[in-house]
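Novice: Mind looking over this structure? Questions follow.
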Amino acid sequence: MCLNSKFSFLLFQVFNVAGVPIEWEEHYVGTEVDPRTESFLTWESLESVRRNKVGLKGPMATPIGKGHRSLNLTLRKELGLYANVRPCNSLPGYKTRYDDVNLVTIRENTEGEYSGLEHQVVRGVVESLKIITRQASLRVAEYAFHYAKTNGRERVSAIHKANIMRKTDGLFLKCCREVAEKYPEIAYEEVIIDNCCMALVKNPSLFDVLVMPNLYGDIISDLCAGLIGGLGLTPSCNIGEGGICLAEAVHGSAPDIAGKNLANPTALLLSAVMMLHHLQFNNQADRIHNAILQTISEGKFRTADLGGNASTSDFTKAVCDHI
Amino acid sequence: MKKSPSSFHPPTTGPPPPSRPLSHPSLSLSLSSSSPPIAAASLRRPGSGGSMALRRLLQGSVLPRMTGRAAAAPFSTASGETVRATLFPGDGIGPEIAESVKQVFNVAGVPIEWEEHYVGTEVDPRTESFLTWESLESVRRNKVGLKGPMATPIGKGHRSLNLTLRKELGLYANVRPCNSLPGYKTRYDDVNLVTIRENTEGEYSGLEHQVVRGVVESLKIITRQASLRVAEYAFHYAKTNGRERVSAIHKANIMRKTDGLFLKCCREVAEKYPEIQYEEVIIDNCCMTLVKNPGLFDVLVMPNLYGDIISDLCAGLIGGLGLTPSCNIGEGGICLAEAVHGSAPDIAGKNLANPTALLLSAVMMLRHLQFNNQADRIHNAILETISEGKFRTSDLGGNASTSDFTKAVCDHI
Chain H
9 MCLNSKFSFL LFQVFNVAGV PIEWEEHYVG TEVDPRTESF LTWESLESVR
59 RNKVGLKGPM ATPIGKGHRS LNLTLRKELG LYANVRPCNS LPGYKTRYDD
109 VNLVTIRENT EGEYSGLEHQ VVRGVVESLK IITRQASLRV AEYAFHYAKT
159 NGRERVSAIH KANIMRKTDG LFLKCCREVA EKYPEIAYEE VIIDNCCMAL
209 VKNPSLFDVL VMPNLYGDII SDLCAGLIGG LGLTPSCNIG EGGICLAEAV
259 HGSAPDIAGK NLANPTALLL SAVMMLHHLQ FNNQADRIHN AILQTISEGK
309 FRTADLGGNA STSDFTKAVC DHI
Chain A
1132 MKKSPSSFHP PTTGPPPPSR PLSHPSLSLS LSSSSPPIAA ASLRRPGSGG
1182 SMALRRLLQG SVLPRMTGRA AAAPFSTASG ETVRATLFPG DGIGPEIAES
1232 VKQVFNVAGV PIEWEEHYVG TEVDPRTESF LTWESLESVR RNKVGLKGPM
1282 ATPIGKGHRS LNLTLRKELG LYANVRPCNS LPGYKTRYDD VNLVTIRENT
1332 EGEYSGLEHQ VVRGVVESLK IITRQASLRV AEYAFHYAKT NGRERVSAIH
1382 KANIMRKTDG LFLKCCREVA EKYPEIQYEE VIIDNCCMTL VKNPGLFDVL
1432 VMPNLYGDII SDLCAGLIGG LGLTPSCNIG EGGICLAEAV HGSAPDIAGK
1482 NLANPTALLL SAVMMLRHLQ FNNQADRIHN AILETISEGK FRTSDLGGNA
1532 STSDFTKAVC DHI
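Here the protein sequences line up with chains H and A, keeping their order.
So in our numbering, spot 44 of the first sequence is number 52, and the numbers just go up one at a time.
So in our numbering, spot 182 of the second sequence is number 1313, and the numbers just go up one at a time.
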């Protein structure tokens, strides 16, 4: 199932060439608020993901206004998306200041600092609640270790500030430790968030899999995206209750270049590869992934955001040729 | 005896008398008002949090004067008159690098007389910490100090040293200039920014509790008073140091009321400084931009947690905590410069430590005291020494000793 992607035809191209046995159900964001979901996403769209258990989402611009929930929030709540997974790997051939980034950030996506519970105590004094629960922390830690095991990663690092926020981040760490004991073959460590950021900018290869509560995850996952070249190159995947996997491109909808065949489809293509790995179509996933890496590495077809002048379709054709 | 326009802490050698309760019905503050300080109520009995909160609120109303040129007024820059400053050499490598600072200051002819204080071996009941009342009084009296790395002893029944300093001295802003050091190559060569972090509230208020088993809450507190205070300092700093832009870092799209209040306060202060540009950047975009293009940033002002993260990130951009100066600004114009690295007990006493962070922090202290001539000379000497690369301590990949490096800096002055 593919949501709102103007790139859908590109994907079909690539997937066709690679022989991926997927049948797409396309859904678009509606123009009216659906009262059943309180959002522009219809109930049918959400049911489709629930039924298929897997999907791919392009960038969505939440319409401004009231009376409806943001699109991302709707998806997250309705589908119970609890973990956001972003593998960040330096792309050979696309030079940034870092060439050895090879890590995965796994961010708890339902609670923490983003619970939205704020209130004014008295005039000039405002409070915001950060909530950490055992259930959500265990759930994301389980996923992190499971991911590490299935993907052959060696180490999981829990990022926290438990020296200051003893009870909340302390509970998160406790849950991570419990899960770590069930996976003795995977190394486990705990890193304070400020040390983590400093180490990431000095030596990112020190990290493997990072698991974090919501706010730190937001910050670190964007920091890591910056290390490899930005959101236009970063795949992402949201894991939901019941084994739902919704891969998504996390960059914006770039309305200024929409429809001009200029956009860089890399993020969406790499996210689609993640989706294929989740479905265990590993053969096709690897072939498409390598094709993308080769195309970028050769540097002949590069879209404008990477400093080249290839069009979206040129780039896509190059990828197809490499498969 | 230094006289300051408003004296919050009359010299005293003993613990403060109990504070007088105030009957102000309204605690709303306007920073432009100038209510006279109430001396008795400004002293607090350790442990009485409520009256301390009131004291802070009152002090806040007179604060801007103290952080402006008025703060420098007590310090005479006339030649021949020395300024007293408190020095906490600290633990581990602290004493060695403090020695470096003293040497360099001597050579540069800085008229500072140091009052050295050490962390005690017993908990002082008046401060509930290993720092004695006298040490804290010394800083309050001198209004300026330099602190080396301190290792908080493990155990209970006492507050952490940094927390003690922060609360007792009302240190509300942590300022870290991060500049790429010419000659010491990192992945970035154009870092030239200053992070200003609100240091009293936000996510670090320490207010956590268990709701039910398995569910824990932590409170993040943002107040208008603290946000205005740090924003005022940020713009004042930008103006006095010739910086062009102040960026407020936030996540107000999600945390609308808390970070929203912080931004509102920043905007109010920005209007008073029309010559300084103001912008607002979301924290995750900020981090991404910092690792891609840190040259875009100038002065950043942030609430506590984001400040913690971003200031360490920026230290990483220029080479680590061993090279990063830092300065804490406190109520009443107190400036406590500090080296933010650890005490490195493994190399303590071996003449191997890198004194750069403490030296650069001492330079910040000099600038605060308006000893700009000496500050510039010492700063340039440090930069030249590192740039030439002949004398580099082991953490920078060289094999010079602390004393060699210090001597090289002195030679360059």
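The C-beta atom is built at its ideal place from N, Cα and C for all residues, glycine as well.
Note that this is a predicted model, so its numbers are computed, not measured.
What number of angstroms, rounded off, separates the C-alpha of S319/H from the C-alpha of V1432/A?
Specialist: Their Cα atoms are separated by approximately 40 Å.
Novice: Inspect the beta-carbon positions of A1512/A and H1543/A and report whether they are closer than 7 Å.
Specialist: Yes, these two residues count as a Cβ contact at 7 Å.
Novice: Note down, in chain order, all residues in the stretch 131-153 of chain H with a beta-carbon under 7 Å from any beta-carbon belonging to chain B.
Specialist: You won't find chain B in this structure, because its protein chains are H and A.
Novice: Taking the C-alpha atoms as reference points, what is the distance between T118/H and T50/H?
Specialist: When rounded, the distance between both Cα atoms is 21 Å.
Novice: Which term fits P1486/A, buried or exposed, when burial requires 16 or more other beta carbons within 10 angstroms of its beta carbon?
Specialist: Looking at its Cβ environment, which holds 16 or more other Cβ atoms inside 10 Å, P1486/A is buried.
Novice: Check G329/H in the structure and name its three-state DSSP category.
Specialist: In the sequence under discussion, the amino acid at residue 329/H is Asp, which differs from the Gly named in the question. D329/H: helix per DSSP, three-state reduction.
Novice: Could you give the distance in angstroms between the alpha-carbon of V1241/A and the alpha-carbon of V1275/A?
Specialist: The alpha-carbon atoms of V1241/A and V1275/A are separated by roughly 14 Å.
Novice: Using the three-state DSSP reduction, which class does N1323/A fall into: helix, strand or coil?
Specialist: Here N1323/A sits in strand by DSSP.
Novice: Would you please verify whether the beta carbon of D1443/A is less than 7 Å from any beta carbon of chain H?
Specialist: Interface residue, yes.
Novice: Could you please give the first and the last residue of the uninterrupted alpha helix (DSSP H) stretch that includes P1226/A?
Specialist: Per DSSP, P1226/A belongs to the alpha helix (DSSP H) from 1225-1239.
Novice: Would you kindly work out how many angstroms separate the C-alpha atoms of V1377/A and V25/H, rounded to a whole number?
Specialist: Cα to Cα, the separation comes out at about 51 Å.
Novice: Starting from the beta carbon of E126/H, find every residue of chain A whose beta carbon is closer than 9 Å, and list them in chain order.
Specialist: The answer, in chain order, is K1351, M1386, R1387, K1388, T1389, G1391.
Novice: Contact defined as beta carbons within less than 8 Å: I believe I1509/A pairs with V1494/A. What is the distance between those atoms, to the nearest angstrom?
Specialist: The Cβ separation is near 5 Å, so the contact holds.
Novice: So, is E246/H buried or exposed, given that buried needs 16 or more other C-beta atoms within 10 angstroms?
Specialist: At residue 246/H the sequence reads Asn, which differs from the Glu that was named. Under this definition N246/H is a buried residue.
Novice: How is N1293/A classed by DSSP in three states: helix, strand or coil?
Specialist: Helix, per DSSP.
Novice: So I139/H and V217/H are supposed to be a Cβ contact under 8 Å. How far apart are they, rounded?
Specialist: Not quite, the Cβ-Cβ distance comes to about 24 Å (not below 8 Å), so this is no contact.
Novice: The alpha helix (DSSP H) spanning T82/H covers which residue range?
Specialist: That run of the alpha helix (DSSP H) goes 79-87.
Novice: Got a sec? Which residues, its chain only, sit under 6 Å from Y1335/A by beta carbon, not counting five neighbours each side?
Specialist: Taken in chain order, the residues that qualify are N1435.
Novice: Please work out which residues of its chain come closer than 6 Å, Cβ to Cβ, to L54/H, disregarding the five sequence neighbours upstream and downstream, and give them in chain order.
Specialist: If we look at L54/H and ignore the five residues flanking it on each side, its Cβ neighbours are E86.
Novice: Is it buried or exposed for I30/H, if we count other Cβ within 10 angstroms and need 16 for buried?
Specialist: Counting Cβ neighbours within 10 Å, I30/H comes out buried, since at least 16 surround it.
Novice: In this structure, does DSSP put N12/H in helix, strand or coil?
Specialist: Any reading at N12/H needs caution, since the residue's pLDDT is 48, under 50, leaving its predicted position unreliable; the model's value is listed next. Reduced to three states, the DSSP call for N12/H is coil.
Novice: Check the Cβ of E1253/A against every Cβ in chain H and list those closer than 9 Å, keeping chain order.
Specialist: In chain order: nothing, as chain H lies at least about 24 Å away.
Novice: Counting only beta-carbon separations shorter than 7 Å, does K210/H have a partner in chain A?
Specialist: For K210/H, the answer is yes, since a Cβ of chain A falls inside 7 Å of its Cβ.
Novice: Would you say I201/H and I167/H are within 7 Å of each other, going by their C-beta atoms?
Specialist: Cβ distance < 7 Å, so I201/H and I167/H count as in contact.
Novice: Taking the alpha-carbon of D1321/A as reference, which of G1450/A, A1304/A, T1524/A has the nearest alpha-carbon?
Specialist: For the residues G1450/A, A1304/A, T1524/A, the minimum Cα distance to D1321/A belongs to G1450/A.
Novice: Please decide whether C205/H counts as near chain A, where near means a Cβ-Cβ distance under 7 Å.
Specialist: So yes, C205/H belongs to the interface.
Novice: Rank I300/H, G315/H, R161/H by C-alpha distance to the C-alpha of H330/H and give the top, closest one.
Specialist: Here the closest residue by C-alpha is I300/H.
Novice: Hey, P1280/A and G1225/A: beta-carbon distance below 7 Å or not?
Specialist: Result yes, Cβ atoms of P1280/A and G1225/A sit closer than 7 Å.
Novice: Quick check: what's the CA-CA separation for L137/H versus S1260/A?
Specialist: Straight-line Cα distance between these residues: approximately 30 Å.
Novice: Would you kindly report the start and end of the unbroken alpha helix (DSSP H) that includes Y151/H?
Specialist: 142-158 is the extent of the alpha helix (DSSP H) around Y151/H.
Novice: Straight-line CA distance for G27/H to I304/H?
Specialist: Near 22 Å, if we compare the C-alpha coordinates of I304/H and G27/H.
Novice: Could you tell me which residues DSSP pairs with G120/H in its beta bridges?
Specialist: DSSP lists I139/H as partners of G120/H.
Novice: Could you check if G234/H is buried or exposed, using at least 16 other CB atoms within 10 Å of its CB as the buried criterion?
Specialist: Per the 10 Å Cβ criterion, buried.
Novice: Distance check for A1531/A and R1523/A, CA to CA, integer angstroms please.
Specialist: If you take the alpha carbons of R1523/A and A1531/A, they lie about 5 Å apart.
Novice: Apart from the five residues on each side of it in sequence, which residues of its chain come closer than 7 Å, Cβ to Cβ, to R1215/A?
Specialist: Within the same chain, R1215/A has close Cβ partners E1244, E1246, N1273.
Novice: For Y196/H, write down the residues that DSSP places opposite it in a beta bridge.
Specialist: Answer is V164/H.
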